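According to our numbering, the residues represented by the sequence shown are 1212 to 1547, in order.
Don't be surprised by glycine CBs; every beta carbon is placed ideally from N, CA and C.
It should be emphasised that the depicted structure is a prediction, and the values quoted were computed from it without experimental measurement.
Let me begin by presenting the structure, written as structure tokens, before commenting on it.
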Amino acid sequence: MVGNTLVLVVLGRLRPGGRPSRSATNIFILNLSIADFSFLVFCVPFQATIYSLPEWIFGAFFCKWVHYLAMATMLVSIFTLVAMSVDRYIAAVHAKRSPCIRSKRNAALGVRVIWLLSLLIAIPVAQHQALMSGHQQAPDSSFCWEHWGNSSTAKQMYKITILLVGYLLPLVLITCCYAKVLYHLHTKVKNISKKSERSKKKFAAMAGQPHWRASAAGHRLGPAGTARLPQAAQTVLLVVAVFLLSWLPHHVITTRAASGRFPLNSTSFAFRTTSHCQAYGNSCIDPIIYAFLSENFRKACRQVFACKLFLRPAPPEKQVRIRTENFSTTHSTTNV
């Protein structure tokens, strides 16, 4: 929650006059931080009471709406990660057309569509989450459970839909987009290396030097992209691995529980608790991956709090420019 709050503060306070930056990338980052913050607010406190208290104490209204908003904000966070991967794919692979496609208007429209789809997909949670009582082991206690009546097939279909829409399809899209970005960067660096090699040979022929000496001199002046490519690959691997590992246990448990193949014992309880912690961890790690790994974002963060606590605001021409693309070979920067 602290990390997401810092992202919101930095993006909202750094520009002159206190107006937030409204670039396409920053719109997605803001939306991701809002969704992750909301997901943690609606999940962690209430889920903690489920594990620590013998019954649900918040009443029927919160039983429905807490779980509904938890599902909706979870989907918003995941869909925003997909939108950001598509945004970076367009910025890297289709750089010439990206200013038209990656406009502020399209980004704002995408955010509205994400929230609308998420709120609609989560409606069955509000419909079937109910306050139940009269359990044989605790007849005087109330529990907030899913109640689908006799429609067990509908429950299984809904859980499978969430698995596909909220995990498998986003995982495929994120992986494909970043794989395309890496392939494009690799091809670009390879082409630059070929042009550099031809230039070295031409320089050696004109200067009358042996080719190996010209090559050694050119190696010291080689393209920076060669060194940046492994760093970009590591970032891509981190993004995909965090998403894969954070949500996999949650969806495995949910799918098996919907089909009645998840036993209720101490081992399964520990596994379920761990899966919830991993899911919450994804919302905590997102601001680190998408914001704090950027050196320019860290400078902006220091500037915001230095200006707020100790120093006068910097003049407009010295405002920090944040490169929110994470991949240093993409050329679009955004003001914050």
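Quick one, are the C-beta atoms of ASN1242 and VAL1322 less than 8 Å apart?
-> Along the sequence shown, one-based indexing puts residue 1242 at 31. Along the sequence shown, one-based indexing puts residue 1322 at 111. Result yes, Cβ atoms of ASN1242 and VAL1322 sit closer than 8 Å.
Could one say the Cβ of CYS1488 lies closer than 8 Å to chain C's Cβ atoms, at least one of them?
-> Of the protein chains in the structure, only one exists, and it is not chain C.
Might you give, ordered along the chain, the residues of its own chain that have their beta carbon closer than 8 Å to the beta carbon of TRP1359, omitting 5 neighbours on each side?
-> Position 148 of the sequence shown holds residue 1359. These residues qualify, in order along the chain: HIS1339, ALA1365 and LYS1366.
Label VAL1324 either buried or exposed according to how many other C-beta atoms from any shown protein chain fall within 10 Å of its C-beta, with 16 as the threshold for buried.
-> Working through the sequence shown from its first residue, we reach residue 1324 at position 113. Per the 10 Å Cβ criterion, exposed.
Check MET1343 in the structure and name its three-state DSSP category.
-> Translated into the one-based positions of the sequence shown, residue 1343 becomes position 132. Of the three classes helix, strand and coil, the one that applies to MET1343 here is strand, per DSSP.
Answer yes if the segment 1249-1259 comes into contact with the segment 1483-1500, meaning at least three C-beta pairs across the two stretches below 8 Å, and no otherwise.
-> yes
Please look up how many angstroms separate the CB atoms of THR1372 and VAL1451, rounded, as I've assumed it's under 8 Å.
-> Taking the sequence shown and counting its residues from 1, one reaches residue 1372 at position 161. Taking the sequence shown and counting its residues from 1, one reaches residue 1451 at position 240. Their Cβ separation, rounded to whole angstroms, is 23 Å, which puts THR1372 and VAL1451 out of contact at 8 Å.
May I ask which residues mark the beginning and end of the alpha helix (DSSP H) holding TYR1501?
-> Position 290 of the sequence shown, counting from 1, holds the residue named residue 1501. Element bounds for TYR1501: n/a, residue is neither H nor E.
Report yes or no: do three or more beta-carbon pairs, one from the segment 1328-1339 and one from the segment 1263-1273, lie closer than 8 Å?
-> no
Does the segment 1387-1400 come close enough to the segment 1311-1320 to have 3 or more Cβ pairs within less than 8 Å?
-> no
Boundaries of the alpha helix (DSSP H) in which PHE1269 is found, first to last residue = Numbered from 1 along the sequence shown, position 58 holds the residue referred to as residue 1269. Taken as a continuous stretch (DSSP letters only), PHE1269 belongs to no alpha helix (DSSP H), as it is neither H nor E.
Looking at the unbroken alpha helix (DSSP H) that takes in SER1234, where does it start and where does it end?
-> Stepping through the sequence shown from its first residue, residue 1234 is reached at position 23. Taken as a continuous stretch (DSSP letters only), SER1234 belongs to no alpha helix (DSSP H), as it is neither H nor E.
Which of helix, strand or coil does DSSP assign to SER1353?
-> Stepping through the sequence shown from its first residue, residue 1353 is reached at position 142. DSSP places SER1353 in strand when its eight states are reduced to three.
Where the alpha helix (DSSP H) through SER1363 begins and ends = On the sequence shown, position 152 is the one that residue 1363 refers to. Counting along the chain, the alpha helix (DSSP H) containing SER1363 begins and ends at 1363-1374.
In angstroms with no decimal places, state the Cα-to-Cα distance between GLY1214 and TYR1279.
-> By one-based count along the sequence shown, residue 1214 stands at place 3. By one-based count along the sequence shown, residue 1279 stands at place 68. Cα to Cα, the separation comes out at about 24 Å.
Out of curiosity, what's the CA-to-CA distance linking ILE1500 and ASN1361?
-> The residue given as residue 1500 occupies position 289 in the sequence shown. The residue given as residue 1361 occupies position 150 in the sequence shown. Distance between the alpha carbons of ILE1500 and ASN1361: 44 Å.
Span separating the alpha-carbon of VAL1221 from that of SER1486 | Here residue 1221 corresponds to residue number 10 of the sequence shown, with the count starting at 1. Here residue 1486 corresponds to residue number 275 of the sequence shown, with the count starting at 1. Rounded to the nearest angstrom, the two C-alpha atoms are 31 Å apart.
For SER1470, which option in SER1363, PHE1482 and ALA1235 has the closest C-alpha, if you only look at C-alpha atoms?
-> Sequence index remark: in the sequence shown, residue 1470 carries index 259 (1-based). Comparing Cα-Cα distances from SER1470 to each of SER1363, PHE1482 and ALA1235, the minimum goes to SER1363.
In angstroms, rounded to a whole number, what distance separates the CA positions of ARG1424 and LEU1217?
-> Position 213 of the sequence shown, counted from the first residue, corresponds to residue 1424. Position 6 of the sequence shown, counted from the first residue, corresponds to residue 1217. Residue placement at ARG1424 is flagged as unreliable, the pLDDT there being 46, under the threshold of 50; the coordinate-derived value follows with that caveat. Each residue's Cα considered, the two are about 51 Å apart.
Leaving aside the five residues before and after TRP1356 along the sequence, list all residues of the same chain whose C-beta is less than 7 Å from its C-beta, in chain order.
-> Residue numbering aside, residue 1356 sits at position 145 when the sequence shown is read from its first letter. Correct list, in chain order: ALA1341 and MET1343.
Counting Cβ pairs closer than 8 Å, one from the segment 1289-1303 and one from the segment 1378-1397, do we hit at least three?
-> yes
Among residues of its own chain, excluding the 5 on either side of MET1282, which ones have a beta-carbon nearer than 7 Å to its beta-carbon?
-> Counting from one through the sequence shown, the residue named residue 1282 turns up at place 71. Contacts found: ALA1333 and VAL1336.
Take the Cβ of PRO1256 as the centre, count every other Cβ of all protein chains shown within 10 Å, and call the residue buried at 16 or more, exposed below.
-> Against the sequence shown, residue 1256 aligns to sequence position 45. Exposed, since its Cβ has fewer than 16 Cβ neighbours within 10 Å.
Pair within 8 Å by beta-carbon distance, VAL1392 and ALA1318 | Residue mapping note: residue 1392 aligns to position 181 of the sequence shown, counting from 1. Residue mapping note: residue 1318 aligns to position 107 of the sequence shown, counting from 1. Going by C-beta atoms, VAL1392 is not nearer than 8 Å to ALA1318.
Every unbroken alpha helix (DSSP H) inside the segment 1445-1507 [4 residues or more] = 1477-1498
Count the other C-beta atoms from every protein chain shown that fall within 10 angstroms of the C-beta of ARG1431, then say buried if there are 16 or more, exposed otherwise.
-> What you label residue 1431 is simply residue 220 of the sequence shown in a count that begins at 1. Note that ARG1431 scores a pLDDT of 43, beneath 50, so its modelled location is shaky and nothing firm can be said.
Around the Cβ of ALA1259, are there at least 16 other Cβ atoms within 10 angstroms (buried) or fewer (exposed)?
-> On the sequence shown, position 48 is the one that residue 1259 refers to. Looking at its Cβ environment, which holds fewer than 16 other Cβ atoms inside 10 Å, ALA1259 is exposed.
THR1446 beta carbon less than 8 Å from that of LYS1370 = Here the question's residue 1370 lines up with position 159 in the sequence shown. Here the question's residue 1446 lines up with position 235 in the sequence shown. Contact: no.
So, are the CB atoms of VAL1277 and TRP1326 less than 8 Å apart?
-> The residue labelled residue 1277 in the question sits at position 66 within the sequence shown. The residue labelled residue 1326 in the question sits at position 115 within the sequence shown. Not closer than 8 Å, so no.
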